[in-house]
Amino acid sequence: MTAGVYKLTEIPEHSGKEVEPPDSSERSSEKSVSLELTSMVTRDSLSVLGLTYIVKRWEGSWWKGCCMRPRMVKSVLTNVSMHVSSGQLTALLGNSGSGKTSLLNVIANRASGQIVGGVYLNNTLMTEKVFQHEAGYVMQDDRLIANLTVRETLTFTASLKFAKAATEVITERVNRVIGDIGLRHVADNKVGGLLDRGISGGERRRVSIAAQLLQDPKLLLLDEPTTGLDSCTANDLVANLAELAKKRGKIIMMTIHQPRSEIFKLVDQVAILSQGELVYGGPSVQMVPYFTDLGYPCPKYSNPLDDYIDLASIDRRDNAVEEESTQRVGVLKAAFVHSTIFRQTLSNIHQDTRILQTIETFQQNAAGFIQDPPGFYFTFQALVWRMTVNLKRDRSALAVRLFQLGLFALFMWLFIFRLSNNQESIQDRIGLFFQSGQVSAYVGLVNGVSIFPPIRDLYDREARDGLYTFLVFILAYFVQILPFHFVSSAVFSSIVYWAIGLYPDAKRFGIYYSVVMMMHYIGEMLGVIFMGIFKSTSVATSVTGLVLAISGLIASGFLVSLQNMLQIFQDFSWANVFKYSSEIFMANEFHQLEFSCDEGSGMFNCAIIHLHYFRTIIPPGVPCLIQVGDDYLNIAFPDAVDNLSVNFAVMAGFVGALFITTLVVYKIRGVRNLH
Amino acid sequence: MEEIAYNRHELKTLTVNALHYEVEERGLEWWQALSSFQMPWTKKDLPRLPKRKVLNDVSFEVKSGEMLAVLGSSGSGKTSLIDVIACNNDGGEVTGDVYINGLKRTPAMIKECAACVRQDDRLLPHLTVKETLTFVAQLKLPKEWSRQNVLSRVDSVIAELGLRHVTDSKVGGEEVRGISGGERRRVSIGIQLLLDPSILFLDEPTSGLDSFTAHHLMETLAKLSKNDRIVMLSIHQPRSDIFALFDLIMLLSQGHVVYNGKAADMVAYFTSLGHPCPELTNPCDFYVDLTTVDMKTIEREQESSDRVKTLVSTFSSKDEATPKKTTVKFKVEDDTRGQVNEAFDGSDGDLEVTTTNTRPGMWDQFSVLLRRATKNSLEDYGFLAVQAVEALAMSVMIGLVFFDLKLDQLSARDRFGLLYIIGALYPYMVILDVIGKYYKERFTIYFEMKDGLYSAWPYFWAKVIGEIPEHLFFILLYAVPVYFLSGMQLDPLIFLQSFGIIFLVVYNSRCIGQFAGALMPTYQLAVITAQSIFTLFLLSSGFIFNLENLFVGTQWISYVSHLKWGYQALCVLEFTNLNFTCPANLPESVCLNNGEEALMAYSLDGNPVWHSASIISGEILFFLFLYFISIKFISQKPHQT
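Chains as they are written, first to last, in UniProt numbering: chain A, 1 to 675; chain B, 1 to 641.
Here it is, written out as structure tokens:
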């Protein structure tokens with residue numbers, strides 16, 4: 001059945017709910033979607049009825065507070081009605097600020113604001129669930145993982161979408177989409193990033209589109225698919241979309257910025273928006289006659305789309321022109337509402353949405369749908385696989401992850417070279433442990449900052465599409481980085497421990513290594529938490545850096561004595577991970593370590609003594625204050641040796657607590673809307 | 001039409017004869033190779049890439065009052081053509097001649113009578129439209145001009161470009177809200193119009209603008225060309241109504257000319273070749289597609305490249321066939337070229353003299369740059385506020401951690417910790433801010449220096465002197481709260497000296513940041529370089545490791561570490577004349593009785609404060625010198641990523 005049949009059907013003015021829709025039997029059969037394409041024989045329609053979208057926001061700078069700023073209420077879309085059927089390619093046109101993208105966002109249920117009116121797919125109200133099942137939305141920016149090939153990218157998305165399907169089925173589906181969208185010649189090329197060039201911009205855009213086509217959606221929305229492409233590539237892309245709509249019977253709707261005349265010939269429906277209202281919305285073949293009837297013919301060698309967009313925009317260069325153009329646009333809007341084309345649209349909408357299907361029926365019908373949500377373990381595995389492959393192919397990121405921490409160890413080694421056992425070496429050891437805690441946490445943060453933000457943005461996009469949740473995402477990230485932390489901490493600890501020469505004992509080395517690794521891990525976790533709170537990566541980095549520096553300062557007991565600090569810092573010192581890490585470091589090294597007593601170290605005794613909290617009385621006449629490390633521990637870190645295992649457990653507790661905090665933060669943060 | 005008749009342009013003719021241009025494919029830059037782990041020795045295995053012909057036998061002629069549009073799909077050589085004519089090409093081999101009024105063009109001539117508008121707008125975001133133009137005008141216009149004249153010239157440019165309604169609006173940029181993209185593009189054009197050039201080159205002036213704005217911009221350009229200028233532009237996807245504004249069109253395909261002539265004749269020409277333009281179609285779109293080689297499939301590539309070849313040969317044979325008066329003219333000129341060029345060379349010297357003489361000198365450049373930099377950073381109060389909050393927050397946090405230090409034995413060590421962290425924490429953060437800020441400006445600097453607006457020397461001084469007040473302000477915010485919260489010695493002289501030392505130490509870190517920023521091509525590399533230097537200085541500062549235990553091979557680093565000298569000076573200032581109490585249950589011999597003993601215990605005694613201060617000052621001069629050398633000799637060309 002085609003759209004033409006509907007045009008001929010007369011709709012009675014009163015609502016006819018008792019009348020069965022002519023094609024209800026056909027429509028119920030189309031729900032049994034299998035991997036075989038059935039949509040070629042079905043007819044779907046998207047109806048937008050009387051859509052009005054209002055946003056409210058505060059104007060002016062944030063520091064003026066909520067009371068000083070005027071609150072602006074703006075109607076982004078006003079009473080927009082459209083009707084599109086499968087097989088049609090629709091172009092949404094208009095100048096910047098005309099509401100094109102907002103219309104797509106409202107259809108996709110991704111708009112925040114007040115929405116009046118309804119969007120229906122066939123006769124079902126478009127909810128987020130329905131959209132996730134039946135539609136795809138290609139946003140303006142391509143967010144792709146740089147080091148995966150085109151095929152891997154698509155296979156990954158497909159395997160998340162059809163977890164229960166067999167591998168051959170997924171391969172077949174991916175191959176078909178690659179063929180449909182014209183990516184066969186680059187199927188095994190890397191997508192590419194900024195430094196290493198991969199596929200071209202037009203091909204990247206196609207990969208983004210292909211990812212949305214995998215589930216064979218009835219409706220495909222695209223936001224500015226041709227932006228940034230040269231005219232030839234843009235033209236090919238639109239031609240490809242038109243072909244896709246015809247061949248696979250899809251409803252495709254795109255916004256477009258600088259439409260070329262060739263594009264005009266490819267689209268079936270055109271909607272021109274001006275300040276959120278339709279100036280024209282209907283078949284493209286009727287557009288030129290429609291405007292000609294209104295007294296605006298299109299010159300012979302001219303692109304009608306350009307011409308009529310200009311006609312529908314308000315020229316703000318000076319007041320006279322602005323007034324004149326505002327008036328003109330007003331007349332055009334009014335004329336369209338009273339046109340036969342608009343009336344036809346309304347009757348089509350009426351026809352298709354007369355009997356609304358409830359969500360429950362929709363879900364029953366969709367039960368046989370292939371798109372079962374994949375299991376937790378499966379998603380987790382797929383995400384870890386993707387992150388690992390991406391990192392493995394990015395050699396510089398990989399090297400930074402593995403060796404940056406070790407580089408700092410080399411710096412320290414450069415200065416100390418080999419620890420001695422004299423009295424001054426106590427200070428060296430303290431400095432070394434202070435650095436061990438700070439540096440490993442800080443490098444963890446830096447590592448996270450360099451790879452996490454693009455993955456986070458991708459999560460926002462894919463979580464919107466319903467592919468996975470924050471829980472799997474966070475868990476996969478934290479598990480995936482673990483092996484790298486093992487290695488980089490091992491490099492660092494080995495250099496510090498064996499080259500610089502700490503207490504030579506394998507078990508003690510193990511303890512040192514574990515603490516370094518936990519601090520390294522905690523640093524990255526903190527970074528991830530703050531990158532969830534702040535959108536800007538640099539703000540997140542500075543805040544995390546400051547938190548690490550100050551808490552290290554307060555609690556490590558190396559730079560300032562806890563007893564002299566403000567009461568509030570003392571009361572909360574238990575909540576500071578550096579307190580535990582430094583106690584373990586100190587006990588681990590100083591317990592039973594013997595110090596030598598050479599000439600001239602007498603003066604240094606005095607330097608040591610100020611570390612006391614005078615719990616012990618030192619017998620007079622002793623040449624060296626610290627003969628065994630325990631002497632020092634007794635003064636500065638009493639009970640550190642006894643508490644070793646407790647401290648260790650507390651640190652592990654910190655790792656767990658931070659993990660839970662991350663989950664809470666990402667739960668509250670939700671999924672951000674990115675363009 | 002204009003209020004001031006400056007450089008009333010005589011009529012010009014730009015003639016290009018048989019221009020060829022070849023470039024060598026360049027590999028990755030050293031830092032790109034480094035970050036993708038391409039080792040130097042793997043490089044020689046790569047075969048030397050053959051030279052690529054970018055332009056092939058291009059000839060045309062434009063006269064004042066005409067607008068020439070160069071069309072073509074990406075990779076057709078549009079931008080290269082404009083770059084070669086405007087002497088902006090980055091290497092490559094050029095053959096063929098370019099004449100202005102029959103004289104072979106030299107870079108000096110181009111500088112004298114032409115201006116080039118680049119594809120992306122590099123404007124300082126916090127200045128208004130009027131300020132942006134005024135500052136450049138003061139750098140560009142002859143220095144004999146009175147302030148009144150300069151301002152009226154700026155006003156007339158603003159009027160000519162239809163920017164009156166946004167004269168006092170901020171320009172804005174990626175992060176800052178300002179005027180619209182089309183208006184920003186017009187400001188970029190306005191900068192080039194200040195000298196009223198008779199030839200204006202524009203590379204893709206409409207890219208990134210919406211179709212409505214693009215149209216208005218092109219109308220402006222058409223108006224400019226009607227005003228006896230040559231306007232030559234490359235364009236990628238012109239709308240049909242833009243097409244109507246062009247006088248001349250050159251259609252390029254892979255460096256070959258497919259069509260060159262009156263815009264109005266283009267459709268007729270292609271129709272005569274059997275390619276009529278369908279109705280309701282933009283002829284530009286249609287013919288650009290027609291002359292593009294389609295690489296999608298092998299058959300289509302074959303077919304389209306055959307078509308393009310036929311079109312190219314048809315056009316060049318037609319070009320040959322039509323009697324060319326220009327060719328004849330050159331024939332005549334060829335005979336007299338020696339004389340002509342000689343005559344020109346003779347006048348060349350005068351020309352140079354007049355240009356350098358009338359342009360503002362070093363001192364004027366410096367004062368304009370200083371005023372502009374101050375204005376731009378003061379207007380950026382968001383960034384200033386963030387930095388101020390950062391300094392204050394750090395200061396208060398440290399002050400609270402070390403709140404009200406006593407004079408017992410334990411506090412003696414706390415003082416060392418305090419002085420260490422004062423000298424280490426803020427300078428570390430400052431490095432990141434400095435490098436970030438420098439990379440925001442770098443684009444503007446590079447292109448303005450390339451345009452010869454000013455040289456490195458005045459820029460350097462404007463930058464150094466312009467930043468001192470803001471630096472002083474942040475140091476006040478940083479040093480005062482921590483000093484009084486932690487209860488350091490309340491002697492005005494000691495406070496002033498400590499303040500001076502902190503000022504110097506932080507300033508030194510800024511210089512390291514600036515040096516790294518100017519030295520390295522990307523932000524990340526600059527940060528890594530600066531942080532490495534900083535870490536080396538930090539570890540050898542004498543707090544983390546005892547100075548006497550440092551490995552002999554690397555001990556020298558501590559002698560050049562400004563953090564070590566700053567730390568030492570602060571310690572000497574704070575500990576001198578400080579007496580510590582010794583608990584009754586302890587013999588005095590094991591106590592630190594006074595500050596001098598404490599300094600000795602940390603191996604920090606022996607160097608008076610002035611000693612440290614002068615070493616840090618010397619190091620500041622050293623890094624400033626390196627910074628200057630980097631601006632002067634290292635290309636500040638901005639890179640992506």
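All C-beta atoms, glycine included, are put in the ideal place defined by N, C-alpha and C.
From the beta carbon of Leu183/A, is the nearest beta carbon of chain B less than 9 Å away?
Not flagged as an interface residue toward chain B: Leu183/A, since no C-beta distance is shorter than 9 Å.
Handout entry: Simplified DSSP state of Ser98/A, which is helix, strand or coil
Key = The answer is coil: DSSP assigns Ser98/A none of H, G, I, E or B.
**OP:** For chain B, find out if any of its Cβ atoms is closer than 9 Å to the Cβ of Asp639/A; answer yes or no.
**Re:** No, no contact with chain B.
> Any idea which residues DSSP pairs His83/A with across the strands?
Replying inline: Answer is Ser47/A.
message = Are the CB atoms of Lys51/B and Glu24/B within a distance shorter than 9 Å?
response = Yes. Within cutoff.
message: Is the beta carbon of Ser313/A closer than 9 Å to that of Ser325/A?
response: In contact: Ser325/A and Ser313/A (Cβ atoms closer than 9 Å).
Which same chain residues, not among the five before or five after Glu379/B, have their C-beta less than 6 Å away from its C-beta?
-> Hits under 6 Å: His126.
Mind the definition here: the region 539-557 of chain A touches the region 573-590 of chain A only if three or more C-beta pairs lie below 8 Å; say whether that holds. Judged by Cβ distances under 8 Å, the region 539-557 of chain A makes contact with the region 573-590 of chain A, as three or more pairs qualify.
Exercise. For the alpha helix (DSSP H) that contains Met565/A, what are its first and last residues?
Worked result: Taken as a continuous stretch (DSSP letters only), Met565/A belongs to no alpha helix (DSSP H), as it is neither H nor E.
Next item on the list: Return yes when the Cβ of Ile501/B is within less than 9 Å of the Cβ of Leu405/B, no when it is not.
Entry: No, Cβ-Cβ distance for Leu405/B and Ile501/B is not below 9 Å.
ask   = How is the beta strand (DSSP E) around Arg52/B delimited, first residue to last?
value = Annotation: the continuous beta strand (DSSP E) that includes Arg52/B extends over Lys51 to Lys63.
With a threshold of 6 Å on Cβ separation, who are the neighbours of His520/A within its own chain once the five nearest residues in sequence on each side are excluded? Closer than 6 Å at the Cβ level, and outside the excluded window around His520/A, lie Ser440, Gly444, His485 and Ser489.
ask   = If you compare alpha carbons, which of Thr535/B, Thr576/B, Tyr459/B and Val94/B is closest to Ser630/B?
value = Across the set Thr535/B, Thr576/B, Tyr459/B and Val94/B, the C-alpha of Tyr459/B shows the shortest separation from the C-alpha of Ser630/B.
request  = Name the residue from Ile435/B, Arg300/B and His20/B whose alpha carbon lies nearest to the alpha carbon of Val94/B.
outcome  = The shortest Cα separation from Val94/B among Ile435/B, Arg300/B and His20/B belongs to His20/B.
Backbone CA spacing between Leu221/A and Ala391/B [nearest angstrom]:
Going by the C-alpha atoms only, they are around 48 Å apart.
How about Leu633/A and Ile584/A: do their beta carbons lie closer than 9 Å? Between Leu633/A and Ile584/A, the CB-CB gap reaches or exceeds 9 Å.
| query | Taking the alpha-carbon positions, what's the Asn7/B to Arg153/B distance? | reply | Interpretation of Asn7/B is limited by its pLDDT of 46, a score under 50 that renders its predicted location unreliable; the figure taken from the coordinates is listed afterwards. Distance between the alpha carbons of Asn7/B and Arg153/B: 12 Å.
Taking only beta-carbon atoms, is Asp45/B less than 9 Å away from chain A? Note that Asp45/B scores a pLDDT of 48, beneath 50, so its modelled location is shaky; the value from the coordinates is reported in the next line. In terms of beta-carbon proximity, Asp45/B stays away from the interface with chain A, with every pair separated by 9 Å or more.
Self-check item: chain A within 9 Å of Ala214/B, Cβ atoms only
Solution: Yes - at least one Cβ of chain A is within 9 Å of the one on Ala214/B.
- What three-state label does DSSP hand Val231/B in the structure shown? It is a strand residue.
* Apart from the five residues on each side of it in sequence, which residues of its chain come closer than 7 Å, Cβ to Cβ, to Asn546/B? -> By the criterion of a C-beta distance shorter than 7 Å, Asn546/B is surrounded in its chain by Ser603, once the five residues flanking it on both sides are discounted.
*So, do the region 197-210 of chain A and the region 132-150 of chain A have three or more beta carbon pairs nearer to each other than 8 Å?*
Touching, per the Cβ criterion.
*asked:* Taking the alpha helix (DSSP H) that Ser532/B belongs to, which residues open and close that run?
replied: Its alpha helix (DSSP H) spans residues Tyr523 to Leu539.
CB contact below 9 Å: Glu26/A versus chain B:
Bear in mind that a pLDDT of 41 at Glu26/A, under 50, signals an unreliable position, so the number given afterwards is only what the model happens to contain. Closer than 9 Å to the CB of Glu26/A there is not a single CB belonging to chain B.
So, with DSSP's three-state summary, where would you put Val267/A?
Val267/A falls in the coil class under three-state DSSP.
Fill in: Beta-carbon spacing of Asn147/A, Leu391/A below 9 Å
Yes. Within cutoff.
- Mark Lys507/A as exposed unless 16 or more other C-beta atoms lie within 10 angstroms of its C-beta, in which case mark it buried. Its Cβ having fewer than 16 others within 10 Å, Lys507/A is exposed.
Own chain residues within Cβ distance below 6 Å of Ala115/B, not counting five before or after: So the qualifying residues of the chain are Gln192, Pro197 and Leu200.
field: Residues of the region 288-308 of chain A with Cβ closer than 8 Å to any Cβ of chain B, in chain order
entry: For the region 288-308 of chain A, the set of residues with a beta-carbon nearer than 8 Å to any beta-carbon of chain B comprises Val288, Cys298, Pro299, Lys300, Tyr301, Ser302, Asn303, Pro304, Asp306 and Asp307, in chain order.
Fill in: Through-space distance from Arg248/A to Asn79/A, alpha-carbon basis
CA-CA distance, Asn79/A to Arg248/A, rounds to 31 Å.
For this session: Look at the alpha carbon of Ser541/B and the alpha carbon of Glu574/B, and state the distance between them as a whole number of angstroms.
Result: About 17 Å.
- request: Keeping to the same chain, check which residues put their C-beta closer than 7 Å to that of Tyr507/B; ignore five residues upstream and five downstream.
  value: For Tyr507/B, the CB contacts under 7 Å within the same chain, skipping 5 residues up- and downstream, are His471 and Ile620 in chain order.
Just mark Thr292/B as buried or exposed, buried being the case when its beta carbon has 16 or more other beta carbons within 10 Å.
Thr292/B counts as buried, since no fewer than 16 other beta carbons sit within 10 angstroms of its beta carbon.
### Task
Provide the residue(s) that pair with Asn17/B in DSSP beta bridges, ordered along the chain.
Asp97/B, per the DSSP bridge assignment.
Residue-chain proximity (Phe330/B, chain A), Cβ-Cβ < 9 Å: Since pLDDT at Phe330/B reaches only 42, below the 50 mark, its modelled position is unreliable, and no value is offered.
Notebook entry, point to check: Candidates Arg105/B, Lys143/B and Ala159/B: which alpha carbon is nearest Lys130/B's?
Noted result: Nearest option by C-alpha distance: Ala159/B.
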